[in-house]
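J.: Residue numbers for the sequence shown follow the working numbering, beginning at 3 and rising by one. Could you have a look at this structure, given as structure tokens, before my questions?
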Amino acid sequence: MRTPKGGAGHGTAAAAERLMSIGTVLSGLRDEFPEVTISKIRFLEAEGLVEPRRTPSGYRKFSPEDVERLAQVLRMQRDHYLPLKVIREHLDAVARGEQVQLPAQSTPRELLDGGTWQADAERRTAARVGRAELLAAAGVSEEELADWESYGLLGQHEDGGYDAESVTVARLVADLGRFGLEPRHLRAMKAAAEREAGLVEQVVAPLRRHRNPQTRAHAEATVKELAALSVRLHAALVQTALGVRLH
3 MRTPKGGAGH GTAAAAERLM SIGTVLSGLR DEFPEVTISK IRFLEAEGLV
53 EPRRTPSGYR KFSPEDVERL AQVLRMQRDH YLPLKVIREH LDAVARGEQV
103 QLPAQSTPRE LLDGGTWQAD AERRTAARVG RAELLAAAGV SEEELADWES
153 YGLLGQHEDG GYDAESVTVA RLVADLGRFG LEPRHLRAMK AAAEREAGLV
203 EQVVAPLRRH RNPQTRAHAE ATVKELAALS VRLHAALVQT ALGVRLH
């Protein structure tokens, strides 16, 4: 039986016609957000900020509501410099009908001249640990740490301390050592990480030189997102390589 015009079938067809490809979404967003990329949209999807539909072939299809949500996410990143977790929680609360308020907006000049970036730098400095603390946190000996440093896996800052990431690196190197992987084996990982960092710097450098202060201030968030994507890609590539070799 034919569905009457204007009925459920017609509504479903009309809704399907409104769905957009990721390329169309990108073109629409770039007027307001010139730095947005397809990788950025995919990253926001992976972080749970938007959930586009999928065709049977696996292609993403975005509704107008999806596009508006993406625009809201990008605005909150640009104007409020909020972490994605906070943005997601805020949007979910709004969707539930709750009355929530964003933190007061900071100006790009405050961020560039001190403000948030300086506070972040101070927190990172405060989080540094001394050599004895690093040894205790990682559960390794002085000889082991000196060996790792000789291979460039760890290093002190000019103030003589180690940052929080150094503790993570030390623990991971120690864990890998239990499987017989020595510091000399890990030099390739260190070199690969430095090359990946170089690629991130190439992408971010134009943002940091941009005339628009908002774009320059957004460079830090871009670094974090690129780093997260790089880590995920590295893990996926390792899993793929192991799958090929072990089967």
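We put the CB at the ideal spot given by N, CA and C, even for glycine.
Could you work out which residue in 151, 20, 24 and 225 is closest to residue 208 when comparing CA atoms only?
T.: Residue mapping note: residue 208 aligns to position 206 of the sequence shown, counting from 1. For residue 208, the nearest C-alpha among the options comes from 225.
J.: Can you check the stretch 195 to 238 for any alpha helix (DSSP H) of at least 4 residues that lies completely inside it and give the ranges in chain order?
T.: Listed in chain order, they are 215 to 219.
J.: Over the uninterrupted alpha helix (DSSP H) stretch that includes residue 167, give me the two end residues.
T.: To locate residue 167, count along the sequence shown from 1; it is residue 165. First-last of the alpha helix (DSSP H) with residue 167: 166 to 179.
J.: For a test of the three-state rule: what should DSSP assign to residue 64, helix, strand or coil?
T.: Mapped onto the sequence shown, residue 64 falls at position 62. Strand.
J.: CB-CB under 8 angstroms to residue 232, same chain, minus the five flanking residues each way: which ones, in chain order?
T.: By one-based count along the sequence shown, residue 232 stands at place 230. Within the same chain, residue 232 has close Cβ partners 198, 201 and 202.
J.: Could you tell me which residues DSSP puts in a beta bridge with residue 56?
T.: Reading the sequence shown from its first residue, position 54 is the one you call residue 56. The partner list for residue 56 (beta bridge, DSSP) reads 62.
J.: Going by the DSSP bridge assignment, what does residue 22 pair with across the sheet?
T.: Against the sequence shown, residue 22 aligns to sequence position 20. Per DSSP, 64.
J.: Going by the beta-carbon positions, is the gap between residue 69 and residue 22 smaller than 8 angstroms?
T.: Position 67 of the sequence shown, counted from the first residue, corresponds to residue 69. Position 20 of the sequence shown, counted from the first residue, corresponds to residue 22. Yes.
J.: At the 8 angstroms Cβ level, is residue 78 part of the contact set with chain B, yes or no?
T.: Absent from the structure: chain B. Only one protein chain is present.
J.: Answer with buried or exposed for residue 71, where buried requires no fewer than 16 other C-beta atoms within 10 angstroms of its C-beta.
T.: Your numbering for residue 71 matches position 69 in the sequence shown. Buried, by the Cβ-count rule.
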